[in-house]
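Asks:
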Amino acid sequence: MVRRAGTRSRHAGRPQGRAERRPPEAAPESASKPGTGRVRLEMARLEMARLEMARLGGRRARVVAREFREGALTAYRTDRDRPDLDGTSRLSAALKYGEIHPRTLLADLGRDQAPGAGASTFVTELAWREFYADVLWHHPRSAWHDLRPLPGMDYDEPGVAFDAWRAGRTGYPFVDAGMRQLAATGWMHNRVRMVTASFLVKHLHVWWPHGARHFMAQLCDGDLASNSHGWQWVAGTGTDAAPYFRVFNPVAQGHRFDPRGDYVRRWVPELGHLTGAAAHEPWAHTTGYAGGYPTRIVEHAAARAEALRRYAVSRTAAARGGEPTGVRPRIARSRNRAALGPE
Ligand SMILES: Cc1cc2nc3c(=O)[nH]c(=O)nc-3n(C[C@H](O)[C@H](O)[C@H](O)COP(=O)(O)OP(=O)(O)OC[C@H]3O[C@@H](n4cnc5c(N)ncnc54)[C@H](O)[C@@H]3O)c2cc1C
335 MVRRAGTRSR
345 HAGRPQGRAE
355 RRPPEAAPES
365 ASKPGTGRVR
375 LEMARLEMAR
385 LEMARLGGRR
395 ARVVAREFRE
405 GALTAYRTDR
415 DRPDLDGTSR
425 LSAALKYGEI
435 HPRTLLADLG
445 RDQAPGAGAS
455 TFVTELAWRE
465 FYADVLWHHP
475 RSAWHDLRPL
485 PGMDYDEPGV
495 AFDAWRAGRT
505 GYPFVDAGMR
515 QLAATGWMHN
525 RVRMVTASFL
535 VKHLHVWWPH
545 GARHFMAQLC
555 DGDLASNSHG
565 WQWVAGTGTD
575 AAPYFRVFNP
585 VAQGHRFDPR
595 GDYVRRWVPE
605 LGHLTGAAAH
615 EPWAHTTGYA
625 GGYPTRIVEH
635 AAARAEALRR
645 YAVSRTAAAR
655 GGEPTGVRPR
665 IARSRNRAAL
675 GPE
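Sequential numbering of the sequence shown, starting at 335, is according to our numbering.
1. Please state whether the Cβ-Cβ distance between P507 and A618 is less than 7 Å.
2. Which partner residues does V568 have in the DSSP bridge list?
3. Is N524 near ligand 3, going by C-beta to nearest heavy atom under 6 Å?
4. Is D555 near ligand 1, in the sense that its beta carbon is under 6 Å from a heavy atom of that ligand?
5. At a cut-off of 6 Å, is S560 close to ligand 1 when judged by its beta-carbon and the heavy atoms of the ligand?
6. For the candidate residues T408, L419, I434 and H607, whose alpha-carbon lies nearest to that of F456?
7. Looking only at its own chain, which residues have a Cβ that is under 6 Å from the Cβ of G622, when we skip the five neighbours before and after it?
8. May I have the straight-line CA-CA distance separating R594 from G588, to the nearest angstrom?
9. Is V602 helix, strand or coil when you go by DSSP?
10. Specify the secondary structure class of V494 as computed by DSSP and reduced to three states.
11. Quick check on the DSSP output: the alpha helix (DSSP H) that includes V535 runs from which residue to which?
12. Using 8 Å for Cβ pairs, my map puts A467 next to A559. What's the rounded Cβ distance?
13. Buried or exposed: where does H539 fall if 16 or more other Cβ atoms within 10 Å of its Cβ makes it buried?
14. Determine whether the beta carbon atoms of Y645 and F579 lie at a separation below 7 Å.
15. Run the CB neighbour count on A636, radius 10 Å, all protein chains shown included, and call it buried at 16 or more, exposed below.
16. Should the stretch 529-549 be regarded as contacting the stretch 564-574, the criterion being three or more beta carbon pairs within less than 8 Å?
17. Which value, in whole angstroms, describes the spacing of the CA atoms of R643 and R411?
18. Determine the closest residue to A461 out of H435, A448, D413 and V535, with distance taken between C-alpha atoms.
19. Please confirm whether any heavy atom of ligand 1 lies closer than 6 Å to the CB of M513.
20. Quick check: what's the CA-CA separation for G486 versus F465?
21. Counting only beta-carbon separations shorter than 7 Å, does D413 have a partner in chain B?
22. Could you check if S366 is buried or exposed, using at least 16 other CB atoms within 10 Å of its CB as the buried criterion?
23. Using only alpha-carbon positions, find the residue among R525, L390 and R475 that is nearest to D277.
24. Using a threshold of 7 Å, state whether the C-beta atoms of R503 and P628 are closer than that.
25. Given this structure, state the Cα-to-Cα distance separating D413 from R482, to the nearest angstrom.
26. Can you determine whether any heavy atom of ligand 1 sits closer than 6 Å to the C-beta of R411, and answer yes or no?
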């Protein structure tokens, strides 16, 4: 088993006067100098490229919405978690660029005399988008900083493991399928966004803004509020955060949400020779690596134990008077306030 490389550093709860951890520049790698003007220019260029990639047009967006309403919406509550199915609306980019308004979607749903479970779940998801926009409006620094910092939390600097994650070569099929879908199409299924983000933060112990920056550079629906707060939900530093100690098992998630392995095989051709759910565990089959798929860069149980150990240290720091967790956000007083990104 190859161990990941990377040096550890601490970003919260640091005594005053010592160097603070800085979030990555929210611009593509080509922006080598973090000058504000240059970063803004790069962000604008990125937005234009994303718009070009995402462009549905208002008329087409309404057709997509209608087809979704008349089709996948019925089973949306269950199918929305299955990346192997076409179970979601795929309207995120159109919503992001105003090609369709959430109120239009709600009004269309409202005309239905007997909206089912799918419709009410869909409304909830639209509400998450609005909620995150509101949180970002009130807490603009949460774009690139923890809304609720975990005091004394140790993170690793992004190194070769981070590169493997970005390239979809972690050796965990469900994670790699997601990262490759993102690279190939500029979109990734929500369930897989959660699992890939969790893998970076809790298996590779990298601070979430590094991953958020990569997502923003790749996603056709890249949206500062939904992205940064989606990441913070995963990292346990956001509003309604998943508890930090809940660590997704990327193999179990694959089996549960891609039960036949179809999604993995679609995006990871090196596993194409493994039938059914075998694609989720090449290490369990004698020919598993025959297609040249990489071995796992970290071992799940050990990585999980390390994440929990770091969390326990942070809890102790909180108990000793570090920045409190589990209370209403106190961004203005955050010790990270000096570490501003290109907002
Ligand atoms: C780490 C991470 C990063 C994310 N980054 C983005 C992003 O940059 N841009 C973005 O639009 N969404 C983001 N999301 C939310 C979600 O993954 C996408 O909105 C969804 O996958 C888009 O596909 P869809 O349009 O088919 O969604 P559907 O399931 O059809 O949902 C309908 C709409 O509801 C909204 N929505 C659904 N789920 C969420 C959610 N969890 N949070 C906020 N809004 C939601 C979106 O506008 C979406 O288009 C992120 C989620 C995570 C976990």
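Virtual Cβ for every residue (Gly too), placed ideally from N, Cα, C.
These numbers come from a predicted model, not from an experiment.
Replies: The answer reads as follows:
1. no
2. DSSP lists no beta-bridge partner residue for V568.
3. Judged by which ligands are present, ligand 3 is missing from the structure shown, whose ligands are ligand 1.
4. yes
5. S560: yes, Cβ under 6 Å from ligand 1.
6. T408
7. P616
8. Going from the Cα of R594 to the Cα of G588 covers about 9 Å.
9. coil
10. helix
11. Here V535 belongs to no alpha helix (DSSP H), and DSSP marks it neither H nor E.
12. 4 Å
13. buried
14. yes
15. exposed
16. yes
17. Using only the alpha carbons, I get a separation of about 35 Å.
18. H435
19. no
20. 28 Å
21. Looking for chain B here will not work: only one protein chain is present.
22. Reliability of the predicted coordinates at S366 is poor, the pLDDT of 34 falling under 50, and the value obtained from them is presented with this limitation in mind. Label assigned to S366: exposed.
23. Absent from the model: residue 277. The displayed extent of the chain is 335 to 677, so no value can be given.
24. yes
25. Linking D413 to R482 through their CA atoms gives a straight-line distance of about 32 Å.
26. no
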